[in-house]
Amino acid sequence: MTAITLKRPVEFEGRTYSTLDIEEPTVGGIEAYEKAQASGATETAALVAMLVVETGWPEGALRKVRSSDFKVIAGALFPLAEPAGDTGA
Numbered sequence: 569m570t571a572i573t574l575k576r577p578v579e580f581e582g583r584t585y586s587t588l589d590i591e592e593p594t595v596g597g598i599e600a601y602e603k604a605q606a607s608g609a610t611e612t613a614a615l616v617a618m619l620v621v622e623t624g625w626p627e628g629a630l631r632k633v634r635s636s637d638f639k640v641i642a643g644a645l646f647p648l649a650e651p652a653g654d655t656g657a
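Position in the sequence shown counted from 1, then plus 568, gives you this note's numbering.
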């Protein structure tokens with residue numbers, strides 16, 4: 569698990585969010601990412617959809633994360649995710 573502390577914590581609905589724990593994505597997180605992309609969402613929106621599932625953070629809080637912190641989060645998450653596609657099964 570990788571703990572990421574935001575340089576600038578975000579406030580959302582009366583709560584402060586400052587740390588995310590990033591682990592290997594679950595099937596549910598990958599599915600949320602793929603569904604978002606299939607519906608025409610941007611890479612950023614698809615990653616937000618995955619993070620909602622993986623972190624339990626509300627979407628509104630994730631959308632307030634600064635871009636510099638978001639790059640760190642994406643960098644920590646993507647090496648853990650296997651690309652979708654042929655599994656050889």
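Think of the CB as a built atom: it goes at the ideal place given N, C-alpha and C, for glycine as much as any other residue.
Keep in mind that this is a model prediction, so the values were computed, not measured.
Beta-carbon to beta-carbon, residue 613 and residue 600 are separated by about 11 Å, too far to satisfy the 8 Å threshold. With contacts defined as CB atoms closer than 9 Å, residue 591 and residue 622 qualify as a contacting pair. Residue 629 is classed as buried because its beta carbon has at least 16 other beta carbons within 10 Å across all chains shown.
Taking 9 Å as the cut-off, the beta carbon of residue 641 is found closer than this to the beta carbon of residue 572.
Counted as a single uninterrupted DSSP element, the beta strand (DSSP E) harbouring residue 579 occupies residues 570-580. DSSP, reduced to helix, strand and coil, places residue 636 within a helical segment of the structure shown. Taking the Cβ atoms as the reference, residue 634 lies roughly 5 Å from residue 576, within the contact range of under 8 Å. Residue environment analysis places residue 606 among the exposed positions, since fewer than 16 neighbouring C-beta atoms fall within 10 angstroms of its C-beta. Nearest in C-alpha terms to residue 596, of all of 637, 619 and 610, is 619.
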